[in-house]
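Visitor:
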Amino acid sequence: MPIAAVVNAEVNMPELVQAIDIVYAKAMKMAAKVRHVTVAFPLAAAALCVSRRDVFHQRWLSLLEYCIQRLKDKQFRRVSMDAILRMLWVYLFRYPESSNVVLRRIDSLSRIFFPATKLHAWP
Numbered sequence: 030m031p032i033a034a035v036v037n038a039e040v041n042m043p044e045l046v047q048a049i050d051i052v053y054a055k056a057m058k059m060a061a062k063v064r065h066v067t068v069a070f071p072l073a074a075a076a077l078c079v080s081r082r083d084v085f086h087q088r089w090l091s092l093l094e095y096c097i098q099r100l101k102d103k104q105f106r107r108v109s110m111d112a113i114l115r116m117l118w119v120y121l122f123r124y125p126e127s128s129n130v131v132l133r134r135i136d137s138l139s140r141i142f143f144p145a146t147k148l149h150a151w152p
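If you read the sequence shown in my numbering, its first letter stands for residue 30, the second for the next number, and so on.
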């Protein structure tokens with residue numbers, strides 16, 4: 030996600046903050062309909078990735094859980110995984126938290142994707 034890697038002070042302009050909030054709200058509304066999921070997840074993830082730090086930390090876990098739920102559907106797996114990886118990149122490199130919190134969250138994600146009871150990775 031090239032734009033998330035380079036934006037910093039520009040995201041704090043009030044007009045841009047409002048625009049990002051509107052785009053994120055519309056994308057989440059679209060994600061409720063199955064036919065719009067393939068467009069809504071990348072749009073919501075992109076809006077969240079360029080949002081302010083506090084907004085990202087408030088909303089990223091809920092979108093992450095929603096994407097994980099959609100991983101079971103084969104038609105939405107690629108889109109969901111792409112959104113998860115984008116948000117994870119922003120969480121690790123753009124808006125890092127303390128190392129203990131990051132380690133806990135990464136550990137919980139690794140348990141989801143690499144369960145100890147199965148012999149193969151999921152998805």
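For each residue, glycine too, the CB sits at the ideal point set by N, CA and C. Keep in mind that this is a model prediction, so the values were computed, not measured.
#1: Exposed or buried, which one is alanine 54 when buried takes at least 16 other CB atoms within 10 Å?
#2: Can you tell me where the alpha helix (DSSP H) holding tyrosine 95 begins and where it ends?
#3: Need the endpoints of the alpha helix (DSSP H) that asparagine 129 sits in, please.
#4: Closest by CA to lysine 101, which one among Ala48, Asp83, Ile141?
#5: Could you check which residue in Glu44, Gln47, Val79, Pro71 has the C-alpha nearest to that of valine 119?
#6: Under the three-state reduction of DSSP, which class applies to threonine 146: helix, strand or coil?
#7: Alpha carbon to alpha carbon, how far is valine 68 from alanine 61? Give it in angstroms, no decimals.
Guide: From the atom records:
#1: By the neighbour-count rule (16 or more Cβ atoms within 10 Å), alanine 54 is not buried but exposed.
#2: Bounds of the alpha helix (DSSP H) holding tyrosine 95 are 82-99.
#3: In the DSSP assignment, asparagine 129 falls within the alpha helix (DSSP H) that extends over 128-142.
#4: The option with the nearest alpha carbon to lysine 101 is Ile141.
#5: Closest by alpha carbon: Val79.
#6: Per DSSP, reduced to three states, the secondary structure at threonine 146 is coil, with no helix or strand assignment.
#7: Taking the straight line joining both Cα atoms gives about 11 angstroms.
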